Amino acid sequence: MSLDLPRTELRPDHPAADEIRQRLEHARSTRLAQLKALDETGQSPDDHLMSNQKDAIKRALTEIDEAFARLAGGTYGICLGCSKPVPPERLEILPHTRHCVSCQSRAA
Ligand SMILES: [Zn+2]
0 MSLDLPRTEL
10 RPDHPAADEI
20 RQRLEHARST
30 RLAQLKALDE
40 TGQSPDDHLM
50 SNQKDAIKRA
60 LTEIDEAFAR
70 LAGGTYGICL
80 GCSKPVPPER
90 LEILPHTRHC
100 VSCQSRAA
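According to numbering that gives the first Met the number 0, the residues represented by the sequence shown are 0 to 107, in order.
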């Protein structure tokens, strides 16, 4: 089994790396703002719902960082489960996703 992934040359039908970077930046700043808002409104630190929410946001931030790294490494948009390209429509909604829809539902 060969492990060499096709280098994602950003073909014309793919959004340019700049655009992806912008989407990721946007996703990151949105999450950071959410986190800050939670911190500011949070009176009870052991509120379960809130800490779940924070964990989810932190997880997303980690995934966003990973997506930046994949973008730099040329493997952005490749599903980590099946090594196939993640559909662009999905990347538009979830720019930092690691998996295509079918791998995601298998992982969930
Ligand atoms: Zn997959």
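Just so it is clear, CB atoms sit at the ideal spot from N, CA and C, and this is done for glycine as well. Just so you know, these numbers come straight off a predicted model, no measurement behind them.
- C-alpha distance - L34 paired with E24, whole-angstrom precision: Locating residue 34 in the sequence shown gives position 35, counting from the first residue. Locating residue 24 in the sequence shown gives position 25, counting from the first residue. So the alpha carbons of these two residues sit roughly 15 Å apart.
- Item | R69 to Y75 span [Cα, whole Å] | Translated into positions along the sequence shown, residue 69 becomes position 70. Translated into positions along the sequence shown, residue 75 becomes position 76. Going by the C-alpha atoms only, they are around 5 Å apart.
- Query: Excluding the five sequence neighbours on either side, which residues of its own chain have a C-beta within less than 6 Å of the C-beta of R22, listed in chain order?
  - Reply: The residue given as residue 22 occupies position 23 in the sequence shown. If we look at R22 and ignore the five residues flanking it on each side, its Cβ neighbours are P94.
- Message: Nearest by alpha-carbon distance to L79: which of R27, T96, P87 is it?
- Response: Here the question's residue 79 lines up with position 80 in the sequence shown. Of R27, T96, P87, the residue nearest in Cα terms is T96.
- Query: Going straight from the alpha carbon of Q103 to that of L37, what length do you get?
  - Reply: By 1-based counting over the sequence shown, the position of residue 103 is 104. By 1-based counting over the sequence shown, the position of residue 37 is 38. One C-alpha to the other measures close to 27 Å.
- Determine the burial state of L90: buried for a count of at least 16 other Cβ atoms within 10 Å of its Cβ, exposed for fewer. The count along the sequence shown starts at 1 and reaches residue 90 at position 91. Buried.
- Query: Between the Cα of L31 and the Cα atoms of A15, S50, K57, H47, which residue gives the shortest distance?
  - Reply: Stepping through the sequence shown from its first residue, residue 31 is reached at position 32. L31 has its Cα closest to that of K57, out of A15, S50, K57, H47.
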